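Here is the structure we will look at, set down as structure tokens.
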Amino acid sequence: MLKIATWNVNSIRARHDRVVAWLAAEQPDVLCMQEIKVEDAGFPRDSIEAAGYQCVLVGQRTYNGVAIASKLPLTDVTIGLDDGVDDDEKRFIIASVGDVRVASIYVPNGGGGAERFEYKLEWLARLRRWLDTHADPSKPLALCGDFNVAPEDRDIHDPKKWEGAVLCTPEERAALANVRAWGFEDVFRKHHSEPGFFSWWDYRGVSFFKDQGLRIDHVWATPALASRSTDCTIDRAARKGQNASDHAPVTATFA
DNA sequence: ATGGCTTATTGTATAAGA
Numbered sequence: 008m009l010k011i012a013t014w015n016v017n018s019i020r021a022r023h024d025r026v027v028a029w030l031a032a033e034q035p036d037v038l039c040m041q042e043i044k045v046e047d048a049g050f051p052r053d054s055i056e057a058a059g060y061q062c063v064l065v066g067q068r069t070y071n072g073v074a075i076a077s078k079l080p081l082t083d084v085t086i087g088l089d090d091g092v093d094d095d096e097k098r099f100i101i102a103s104v105g106d107v108r109v110a111s112i113y114v115p116n117g118g119g120g121a122e123r124f125e126y127k128l129e130w131l132a133r134l135r136r137w138l139d140t141h142a143d144p145s146k147p148l149a150l151c152g153d154f155n156v157a158p159e160d161r162d163i164h165d166p167k168k169w170e171g172a173v174l175c176t177p178e179e180r181a182a183l184a185n186v187r188a189w190g191f192e193d194v195f196r197k198h199h200s201e202p203g204f205f206s207w208w209d210y211r212g213v214s215f216f217k218d219q220g221l222r223i224d225h226v227w228a229t230p231a232l233a234s235r236s237t238d239c240t241i242d243r244a245a246r247k248g249q250n251a252s253d254h255a256p257v258t259a260t261f262a
């Protein structure tokens with residue numbers, strides 16, 4: 008059995024105790040993290056290792072940063088899309104765990120203006136090109152992370168209210184569908200087809216209390232891996248209480 | 001229509017998140 012989880016922790020320093028406790032309780036084989044928001048030297052490698060995990064990561068100050076923690080050895084690590092584009096934002100890392108390639112990605116949010124929205128669409132196009140040139144859709148690969156897109160209306164608590172909003176626009180969905188068309192299945196949707204499942208709730212107001220969320224954190228797998236999946240769950244309990252990230256962990260289990 | 005809250009910043013208001 009192989010449990011692969013993804014969690015936008017919204018600062019590994021602010022979330023340190025919760026992450027360590029969650030690893031101890033849930034015992035995933037792999038945890039992909041996003042928005043670690045710290046340079047490599049500030050990442051709490053020691054306590055993650057003490058919990059039984061080795062880490063690979065690419066961090067930066069204040070924003071972004073992605074990591075992979077794994078009980079099994081991590082090999083063949085690649086950082087960044089490395090496509091010649093001038094881009095300092097740390098959003099992509101991929102490594103091998105046994106015969107499975109696991110990527111931790113943090114797709115740009117795309118809010119705050121047209122320039123950031125275009126950057127998001129372009130980043131998704133670059134991700135597709137990276138897959139085209141560096142990966143094989145016939146082999147086991149898990150694409151995990153904060154995709155910052157609700158793929159369908161059933162992934163939104165109130166599709167009318169969110170219609171046309173960033174995270175839900177047709178342009179973003181098309182750009183993400185183009186990534187998916189490379190050869191992915193949405194592991195969560197393989198096991199749960201109904202609406203009402205979310206992975207992010209706004210910190211502001213009563214959104215979590217009223218379960219007004221979006222499903223924007225995903226585990227996608229190539230058919231060679233997805234065919235082994237037995238379930239995918241969202242740990243809504245991890246969003247509860249003080250000092251919670253605004254995202255919940257998503258865990259896929261493979262035979 | 002707006003903002004609510006959280007995180008980080010050589011901070012003390014601003015930027016960004018989603």
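Following our numbering, the numbering of the first sequence begins with 8 at its first residue and continues without gaps.
Glycine included, every Cβ here is placed at the ideal spot set by N, Cα and C.
Remember, it's a predicted structure, so these values are computed and weren't measured experimentally.
- Per DSSP, the bridge partner or partners of residue 40: 14 and 74
- Task: Pull up the DSSP beta-bridge partners for residue 151, would you.
- Result: 111 and 226
- To the nearest whole angstrom, what separates the beta carbons of residue 230 and residue 190, a pair I think is in contact under 8 Å? 7 Å
- In three-state DSSP terms, what is residue 140? helix
- Does DSSP put residue 259 in a helix, in a strand, or in coil? strand
- Taking the alpha carbon of residue 172 as the point to measure from, which residue in 120, 211, 131 and 242 has its own alpha carbon closest? 120
- Rank 41, 12 and 223 by C-alpha distance to the C-alpha of residue 69 and give the top, closest one. Considering only alpha carbons, the answer is 41.
- Message: Let me check understanding here. Comparing Cα to Cα, which of 130, 205 and 216 lies closest to residue 240?
- Response: For residue 240, the nearest C-alpha among the options comes from 205.
- Message: Could you compute how far the alpha carbon of residue 217 sits from the alpha carbon of residue 105?
- Response: 41 Å
- Message: Among the candidates 162, 73 and 135, whose CA atom is the shortest distance from the CA of residue 222?
- Response: Residue 222 has its Cα closest to that of 162, out of 162, 73 and 135.
- Just mark residue 212 as buried or exposed, buried being the case when its beta carbon has 16 or more other beta carbons within 10 Å. Residue 212 should be labelled exposed.
- Identify every residue that forms a DSSP beta bridge with residue 100. 86 and 111
- Task: With a 10 Å radius around its C-beta and 16 neighbouring C-beta atoms as the bar for buried, classify residue 233 as buried or exposed.
- Result: buried
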